[in-house]
Every structure is written in C-alpha cells, then in structure tokens.
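Input: a single structure, listed below in structure tokens.
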Amino acid sequence: MKGNIISWKDEKGFGFIKNDENGEHIFFHISSVIKGTRQPIVGDAVTFDVGVDSSNRKKAKDIFIEGVSFTNIPRRVFTEKVKRDRFDYYCYVAIVLSVAITLAVYIKMGQPRLALFPAAVAIMLFLYISVRTKKPANDIFSCGKCSSVVRHDARTIRAWNKGACKLYCRTCNQNWHREKPQRDSTKKYNRPQKSGCLGVLLFITFVPVFLISSIITLLV
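Our numbering numbers the first residue of the sequence shown as 527 and each following residue consecutively.
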C-alpha cells in the first residue's frame, strides 16, 4: 500500500499514515520503519503493509520511506532461486520410511489393509511438499525494471515459488498490465503448462493409490 505521513511525534516515536486508497488514518511506530538515514517527517511518501497489534487494532508495518537511502539495505538485492530446505529433506526421509514400512507390512506381515496407512502418509507428504509455499530468505528485492528496493508481497512470493527470479514492484507490474495486456496467445500458452503440471501431479498421486487398492481387492 501507499500513503503519506500526516502526523509524527518524534519524541514519542509514533505517528499516523494516510492511506492513498481509502483515506484511512493508520497508526505506526518507529520500530516498523525500515532504518534509514533520517527520522520520518510529516509529508513523507511511504509504502507499507497493514497488520494488527495485541489489541487487534490496525497498524502500519514494514514501512519504506520513498526517496530515503537506507543504511541497512544494499543498492541491489539479488533474489536466489527456490531451494530445498531442511524440512523438505525431512519429508523425503519420512516418505522413504513410509514406503519401506508399507512394503514391510504388506510383504513380511501379509497385512495389506494395515499397509494402507503408511502408504497414505507417504502420498500426503509428497503432495504437501509439492504445493508448499516457501518464503525468500530476504524480505526485500530489487525490481527488475526500475531497480527500486521493495519488500516482497503475496504476488512476488507466488512468482518466486514458480521459479521467477526477476521480480517487479507493484507499480511496474501494474504499468505492464496496463500497457501490455496479456494476449490470447499468451493465455493459450500458459494454460496447457498449468494443466500439464496438474496432470502429472494427479497421475503421480493416482498410480500408487490405484495399485495399492487393486492389490488389496485381489487379496481380500
């Protein structure tokens, strides 16, 4: 969101921001301002996000003062690709163990129905890590067009999880959509790609379930 600081009490470290979208006055504290070379002043243009405090009241957070150089932010922030983290590897180990338990219960103990539980655990874990949304290690990034340093939002995090490393700020993204609307050919190109991914996921999920169900049906 964008707005302007309309009130600031330097001695107390808080003030109010007027939201450009609806004119709402939102409280903010100095601790929510990204550390810059000076304190906020009335009239500063800012970008921010809205959260709530312990009393469930609205407050601004992650506030960037436009036009101010930040002491703790480099001029260019490079975004790394999505990587597997420790939790992913834990899930992979759990999947392997679940498959091993499934085979042991089915082959060694001859209990096909009992083998369904670890098999289901393996399938659910696989589906979970396939659709799990990760967050970039850095909360900020450099816009691929204007090079401004801005913080991530839900839109850029979704794009990053899909493999995009060249990200754009909200303003540049909106301008791109206004100046270059998506063509029908682009939509036709994107749809099969999504359908293909979904089809592969459904196939991978369906095959083990079908095989296990078929085996149990034949044996019971």
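Glycine included, every Cβ here is placed at the ideal spot set by N, Cα and C.
All values derive from a computational prediction rather than experimental measurement.
Alpha carbon to alpha carbon, how far is Met527 from Asp546?
In this structure, the CA atom of Met527 is about 8 angstroms from the CA atom of Asp546.
Going by other Cβ atoms of all chains shown within 10 Å of its Cβ, with 16 needed for buried, is Ala804 buried or exposed?
Here the chain comprises residues numbered 527 to 746, so residue 804 is not present and cannot be evaluated.
Determine, using beta carbons only, whether Val608 and Ser624 come nearer to each other than 8 angstroms.
For Val608 and Ser624, no; Cβs fall outside 8 angstroms.
Thr628, enclosing alpha helix (DSSP H) - first and last residue
Residues 612-629.
Taking DSSP as the reference, what is the three-state secondary structure of Val675?
DSSP places Val675 within a strand segment (E or B) once states are collapsed to three.
Quick test of your reading: Ala620 and Thr628, contact by CB under 8 angstroms. State the CB separation rounded to the nearest angstrom.
In fact, because the Cβ distance is near 12 angstroms, the residues do not count as touching under 8 angstroms.
So which of Gly689, Phe553, Ser673, Arg612 has the shortest CA-CA distance to Arg696?
Minimum Cα distance to Arg696 is reached at Ser673.
Closer than 7 angstroms by C-beta to Gly529: which residues in its own chain qualify, once you throw out the five before and the five after it? Chain order, please.
Correct list, in chain order: Ile543, Lys544, Asn545, Asp546, Val572, Phe574.
Cα-Cα, which of Lys661, Lys660, Gly539 is closest to Ile567?
Comparing Cα positions, the closest option is Gly539.
Using 8 angstroms for Cβ pairs, my map puts Asp588 next to Ser558. What's the rounded Cβ distance?
In this structure Asp588 touches Ser558 by the C-beta definition: roughly 7 angstroms separates them, less than 8 angstroms.
Smallest Cα separation from Asp536: which of Gln565, Glu550, Gly549, Ile552?
The residue with the shortest Cα to Cα distance from Asp536 is Gln565.
Which listed residue (Ile532, Glu550, Tyr616) has its alpha carbon closest to that of Phe652
Restricting attention to Ile532, Glu550, Tyr616, the CA atom closest to the CA of Phe652 is found in Tyr616.
Under 6 angstroms Cβ to Cβ from Pro644, same chain only, skipping five residues before and after it: list those, please.
Excluding positions up to five away in sequence, the list reads Ser624, Ile627, Thr628.
State the DSSP-derived secondary structure class of Asn548, mapped to helix, strand or coil.
In the structure shown, Asn548 sits in coil (DSSP, three-state: anything other than H, G, I, E or B).
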